[in-house]
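Asker: Which chain is which? The protein sequence lines are A and B, in order.
The opening residue of the first sequence carries number 1 in the working numbering; numbering runs sequentially from there.
The opening residue of the second sequence carries number 104 in the working numbering; numbering runs sequentially from there.
The structure's right below; bear with me while I get my questions together.
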Amino acid sequence: MEALQWFSLGIISMLAINVMVYVHRVIDLKWYTLPLLFGGVVDILVGVAWCWSSFLEGYPQSGAMGLSLFSGSGLVVIIMTWRHLVAPGLNIPMILQDAKSAR
Amino acid sequence: MTNQVENHKELEAEDELPNMSRRSFFKRTAAAGGAAILGGGAVLGASKTSLQGSLNTPGIVVDENFKPKDQRDVMLCHATSYHLSQVRNPERGAQYARLQKKDFNFNRALQTFENRDHFDNNKPGYGQADRAIGHAAWYPLVVAKSRAAAFTQPNTPMHSWSQADIHEEQFDWGSGKRAADMIRSTGRLFGAVRVGIAKFDKRFVYDPLYDLVEERTLSWEKDFPFKPKSVIVIATPMDYDNVATAPSWTAEGATGNGYSDMSKIACQIAKFIRGCGYNAVGAGNDLASSVAYAIQAGLGEGGRNGSVIVPGMGPRVRLCKVFTNIDFEDAYDQPRTWGITEFCKSCKKCADACPSGAISQDDDTSFAPTYEFSDEPDYTWNNHIGIKKFYSDAKKCFNFWMDNDTSCLNCVASCTFNEPDFWHHWMIMAVNPYMPKFVHSLMAEGHPAFGYGGQSRDPIPAKVEKFWVSGEDMRTNTSMKNNIGTAG
Numbered sequence: 001m002e003a004l005q006w007f008s009l010g011i012i013s014m015l016a017i018n019v020m021v022y023v024h025r026v027i028d029l030k031w032y033t034l035p036l037l038f039g040g041v042v043d044i045l046v047g048v049a050w051c052w053s054s055f056l057e058g059y060p061q062s063g064a065m066g067l068s069l070f071s072g073s074g075l076v077v078i079i080m081t082w083r084h085l086v087a088p089g090l091n092i093p094m095i096l097q098d099a100k101s102a103r
Numbered sequence: 104m105t106n107q108v109e110n111h112k113e114l115e116a117e118d119e120l121p122n123m124s125r126r127s128f129f130k131r132t133a134a135a136g137g138a139a140i141l142g143g144g145a146v147l148g149a150s151k152t153s154l155q156g157s158l159n160t161p162g163i164v165v166d167e168n169f170k171p172k173d174q175r176d177v178m179l180c181h182a183t184s185y186h187l188s189q190v191r192n193p194e195r196g197a198q199y200a201r202l203q204k205k206d207f208n209f210n211r212a213l214q215t216f217e218n219r220d221h222f223d224n225n226k227p228g229y230g231q232a233d234r235a236i237g238h239a240a241w242y243p244l245v246v247a248k249s250r251a252a253a254f255t256q257p258n259t260p261m262h263s264w265s266q267a268d269i270h271e272e273q274f275d276w277g278s279g280k281r282a283a284d285m286i287r288s289t290g291r292l293f294g295a296v297r298v299g300i301a302k303f304d305k306r307f308v309y310d311p312l313y314d315l316v317e318e319r320t321l322s323w324e325k326d327f328p329f330k331p332k333s334v335i336v337i338a339t340p341m342d343y344d345n346v347a348t349a350p351s352w353t354a355e356g357a358t359g360n361g362y363s364d365m366s367k368i369a370c371q372i373a374k375f376i377r378g379c380g381y382n383a384v385g386a387g388n389d390l391a392s393s394v395a396y397a398i399q400a401g402l403g404e405g406g407r408n409g410s411v412i413v414p415g416m417g418p419r420v421r422l423c424k425v426f427t428n429i430d431f432e433d434a435y436d437q438p439r440t441w442g443i444t445e446f447c448k449s450c451k452k453c454a455d456a457c458p459s460g461a462i463s464q465d466d467d468t469s470f471a472p473t474y475e476f477s478d479e480p481d482y483t484w485n486n487h488i489g490i491k492k493f494y495s496d497a498k499k500c501f502n503f504w505m506d507n508d509t510s511c512l513n514c515v516a517s518c519t520f521n522e523p524d525f526w527h528h529w530m531i532m533a534v535n536p537y538m539p540k541f542v543h544s545l546m547a548e549g550h551p552a553f554g555y556g557g558q559s560r561d562p563i564p565a566k567v568e569k570f571w572v573s574g575e576d577m578r579t580n581t582s583m584k585n586n587i588g589t590a591g
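Next comes the structure, spelled out in structure tokens:
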């Protein structure tokens with residue numbers, strides 16, 4: 001079960017990195033945006049890993065607390081960063097147009 | 104051919120895109136992934152370094168009043184010995200009874216300890232099975248006629264002082280480090296979770312020693328069979344789920360099993376060393392303060408509850424020792440710090456959970472006891488005064504054992520450092536030395552909030568039940584759960 005946990009977290013980490021690289025490529029971001037996003041992602045991953053391990057060791061209460069505290073705070077950081085620093089520069093129609101013209 | 108040309112054109116078109124070059128995207132993703140792996144590796148390395156502990160500690164600090172502890176003044180020794188308790192120092196028991204306003208005598212109370220047939224199967228933790236598991240856990244020592252070592256009796260059959268079986272040829276270890284490595288490996292094989300090696304230090308042995316059977320003092324110079332150079336300190340684990348049932352009779356399973364393991368491992372390592380041609384004598388609670396030697400051997404730090412707190416296990420270990428004349432040269436361990444004693448200054452979970460109120464509620468360590476009645480003449484006879492630490496009133500602790508008709512473990516179960524063996528607890532341990540005082544307080548409060556510890560002064564029925572079903576999947580045990588509390 002622990003092996004599955006680390007494998008899953010590795011996949012989630014890679015997907016998160018993909019999203020961050022993508023955002024960095026298509027938007028002109030302030031220098032502190034990526035560290036904030038990265039911090040939030042790490043926080044969420046720590047929460048998920050903590051939760052999973054707590055269930056494995058038989059302490060679901062610790063899992064719930066870990067998910068709430070670590071992943072919750074990470075989610076808040078990501079949402080705030082996205083809304084205030086990423087979304088204003090994100091022009092979805094233009095990105096879709098770029099993608100179409102590439103075909 | 105036509106398809107190849109079209110594909111080439113497509114690739115060229117992608118490279119011309121201002122924001123979405125696929126090749127560039129994957130390059131950056133790979134670079135970021137590599138950076139994340141390197142960053143993770145650096146954090147792991149830093150954590151492992153932190154968990155080694157810092158040598159930046161004075162270890163055990165003593166003042167001018169310090170002198171080696173007379174074994175006759177150790178609580179368990181005094182209570183066990185009829186001579187000490189009833190003839191030599193009867194005033195100690197009388198003073199305790201007068202000040203605590205109760206009819207209590209240390210030696211008399213001990214006579215029926217754990218042998219009163221009064222189980223109640225409707226009371227969780229105090230039923231027939233709960234009584235039986237404690238008796239069973241201690242049974243190897245009873246069979247080996249060595250249980251008295253737990254009450255500081257030296258020279259029991261399992262920790263015999265006889266050196267008659269030393270091999271005539273001395274094995275050449277090669278180096279002090281090689282000797283230490285081989286002995287640590289032997290300890291690991293026999294069931295130890297930690298093995299540290301300290302120089303023999305006369306300050307922390309009991310002097311004089313006392314033979315409870317013959318009721319006479321023993322001398323290190325005249326009676327001990329050789330001149331020790333080193334003390335190997337071994338920690339053996341107690342089961343997490345069983346300890347959590349404290350202070351019930353069920354928890355005596357972990358205590359008794361710990362003592363049986365202690366005696367077995369110390370006895371085996373001593374025999375191994377004698378087989379290699381060197382002197383060795385094993386010891387349980389006898390011969391010296393196990394806590395002091397564990398600190399000297401770098402196994403952990405002294406905690407508020409008087410136990411040594413071992414990183415990763417907390418106080419949930421039992422300690423035994425092997426005295427030997429092997430010289431480990433430059434391979435001796437040194438005292439280390441993980442910020443544990445500092446943490447204890449902010450955390451009072453053990454003191455809050457102590458059913459007898461024996462554990463200090465002080466905000467800092469001191470060189471002498473500060474507990475109730477400690478200013479009464481000779482009331483602190485059981486304490487080793489002159490060491491900077493938290494002082495407990497072992498007389499009250501012992502009194503609770505007798506009333507409870509088993510030992511306790513509540514201070515161990517409630518300790519913030521007592522956690523199952525999982526990576527997230529190690530992570531907290533690694534960052535602990537760098538945390539300020541207010542974070543230590545938050546961590547201490549967070550521990551029960553996360554579902555760990557949270558002992559009350561009475562056994563918690565759900566924890567007793569949890570222990571009794573903890574072996575449910577042991578036929579296959581795919582989680583590899585062991586008695587350290589590991590599943591991995």
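Beta carbons are placed, not taken as given, at the ideal position from N, Cα and C, and that holds for glycine.
When you compare the CB of residue 523 of chain B with every CB in chain A, is at least one pair closer than 7 angstroms?
Answerer: So, interface residue.
Asker: Specify, as a first and last residue, the run of the alpha helix (DSSP H) that residue 151 of chain B falls within.
Answerer: Unbroken alpha helix (DSSP H) run through residue 151 of chain B: 125-154.
Asker: Would the beta-carbon of residue 313 of chain B fall within 7 angstroms of that of residue 175 of chain B?
Answerer: Yes, they are a contact pair.
Asker: Could you give the C-beta distance for residue 386 of chain B and residue 376 of chain B, rounded to a whole number, given that I count them as a contact under 8 angstroms?
Answerer: Actually they do not touch by this definition, with Cβ atoms about 13 angstroms apart.
Asker: Closer than 6 angstroms to a non-hydrogen atom of the ligand FMN - does that hold for the CB of residue 408 of chain B?
Answerer: This structure lacks the ligand FMN; in fact it carries no ligand of any kind.
Asker: Counting only beta-carbon atoms, is residue 73 of chain A nearer than 7 angstroms to chain B?
Answerer: It does not: the Cβ of residue 73 of chain A has no partner Cβ on chain B nearer than 7 angstroms.
Asker: Along chain A, in chain order, which residues have C-beta atoms closer than 7 angstroms to that of residue 136 of chain B?
Answerer: Under the 7 angstroms cutoff, chain A gives 14 and 17.
Asker: Between which two residues does the alpha helix (DSSP H) harbouring residue 423 of chain B extend?
Answerer: Counting along the chain, residue 423 of chain B falls outside any alpha helix (DSSP H), though it belongs to the beta strand (DSSP E) covering 420-427.
Asker: If contact means a Cβ-Cβ distance below 9 angstroms, which residues of the stretch 50-83 of chain A contact chain B?
Answerer: Listed by position along the chain: 50, 53, 54, 56, 57, 58, 59, 60, 61, 62, 63, 64, 65, 66 and 69.
Asker: Return the bridge partner residues of residue 314 of chain B from the DSSP annotation.
Answerer: Bridge partners of residue 314 of chain B: B/319.
Asker: Does residue 41 of chain A have its Cβ less than 7 angstroms from a Cβ in chain B?
Answerer: No - not a single Cβ of chain B is within 7 angstroms of the one on residue 41 of chain A.
Asker: Between residue 517 of chain B and the rest of its own chain, which residues show a CB-CB distance below 6 angstroms, the 5 nearest in sequence each way excluded?
Answerer: Answer for residue 517 of chain B: 452, 453, 456, 556 and 558, listed in chain order.
Asker: Whose Cβ in chain A lies nearer than 7 angstroms to the Cβ of residue 537 of chain B?
Answerer: Those within 7 angstroms of residue 537 of chain B in chain A number zero; the least Cβ separation is about 17 angstroms.
Asker: Name, please, each residue of chain A whose Cβ falls closer than 8 angstroms to the Cβ of residue 264 of chain B.
Answerer: Those do not exist, as residue 264 of chain B stays about 43 angstroms from chain A at its closest Cβ, beyond 8 angstroms.
Asker: Within a Cβ cutoff of 7 angstroms, which residues of the same chain sit near residue 368 of chain B, ignoring the five residues on either side of it in sequence?
Answerer: Cβ within range, chain order: 290, 293, 294, 295, 337, 339 and 423.
Asker: So residue 180 of chain B and residue 315 of chain B are in contact, right, with Cβ under 8 angstroms, and what is the actual spacing, rounded?
Answerer: Going by Cβ atoms, the distance from residue 180 of chain B to residue 315 of chain B rounds to 7 angstroms, so yes, they are a contact pair.
Asker: Just the Cα atoms here: how many angstroms apart are residue 287 of chain B and residue 410 of chain B?
Answerer: If I take the Cα positions, the gap works out to 22 angstroms.
Asker: Check whether the stretch 478-486 of chain B and the stretch 436-444 of chain B touch, using three or more Cβ-Cβ pairs below 8 angstroms as the test.
Answerer: With the cut-off at 8 angstroms, the stretch 478-486 of chain B and the stretch 436-444 of chain B do not touch.
Asker: Could you check the C-alpha separation between residue 207 of chain B and residue 199 of chain B for me, to the nearest Å?
Answerer: The straight-line gap from Cα to Cα measures roughly 8 angstroms.
Asker: For residue 335 of chain B, which residues does DSSP report across the bridge?
Answerer: Bridge partners of residue 335 of chain B: B/300 and B/425.
Asker: Rounding to the nearest angstrom, what Cα-Cα distance links residue 577 of chain B and residue 136 of chain B in this structure?
Answerer: Their Cα atoms are separated by approximately 40 angstroms.
Asker: Give me the Cα-Cα distance between residue 523 of chain B and residue 459 of chain B, rounded to the nearest whole angstrom.
Answerer: For residue 523 of chain B and residue 459 of chain B, the distance between alpha carbons rounds to 26 angstroms.
Asker: Of the residues A/87, A/74, A/83 and A/23, which one's Cα is nearest the Cα of residue 47 of chain A?
Answerer: Checking every option, the nearest Cα to that of residue 47 of chain A belongs to A/74.
Asker: What in chain B is Cβ-close to residue 21 of chain A, meaning under 8 angstroms?
Answerer: Per Cβ cutoff of 8 angstroms: 128, 131, 132 and 135.
Asker: Please classify residue 412 of chain B as buried or exposed, where buried requires at least 16 other C-beta atoms within 10 Å of its C-beta.
Answerer: Buried: at least 16 other Cβ atoms inside 10 Å.
Asker: Give me the Cα-Cα distance between residue 233 of chain B and residue 244 of chain B, rounded to the nearest whole angstrom.
Answerer: Approximately 19 angstroms between the Cα atoms of the pair.
Asker: For residue 555 of chain B, which residues in chain A fall below 8 angstroms Cβ to Cβ?
Answerer: Result: 59 and 62.
Asker: On the criterion of 16 or more Cβ atoms from any shown chain inside 10 Å, does residue 297 of chain B qualify as buried, or is it exposed?
Answerer: By the neighbour-count rule (16 or more Cβ atoms within 10 Å), residue 297 of chain B is buried.
Asker: Does residue 527 of chain B come within less than 7 angstroms of chain A when only Cβ atoms are used?
Answerer: At least one chain A Cβ lies under 7 angstroms of residue 527 of chain B.
Asker: Starting from residue 386 of chain B, trace the beta strand (DSSP E) both ways and give me its first and last residue.
Answerer: 383-386 is the extent of the beta strand (DSSP E) around residue 386 of chain B.
Asker: Name, please, each residue of chain A whose Cβ falls closer than 7 angstroms to the Cβ of residue 145 of chain B.
Answerer: Those do not exist, as residue 145 of chain B stays about 13 angstroms from chain A at its closest Cβ, beyond 7 angstroms.
Asker: Under the three-state reduction of DSSP, which class applies to residue 26 of chain A: helix, strand or coil?
Answerer: Helix at residue 26 of chain A.
Asker: Nearest-angstrom Cα distance between residue 591 of chain B and residue 55 of chain A?
Answerer: Residue placement at residue 591 of chain B cannot be trusted, given a pLDDT of 37 that sits under 50; the coordinates are not used to answer.
Asker: With H, G and I counted as helix, E and B as strand and the rest as coil, what does DSSP make of residue 56 of chain B?
Answerer: Residue 56 of chain B lies beyond the range of chain B shown here (104 to 591); nothing can be said about it.
Asker: Would you kindly report the start and end of the unbroken alpha helix (DSSP H) that includes residue 546 of chain B?
Answerer: Residue 546 of chain B -> alpha helix (DSSP H) spans 540-552.
Asker: In the stretch 19-71 of chain A, which residue ranges form an unbroken alpha helix (DSSP H) of at least 4 residues, counting only runs that do not cross its ends?
Answerer: The qualifying runs are 33-56 and 60-66.
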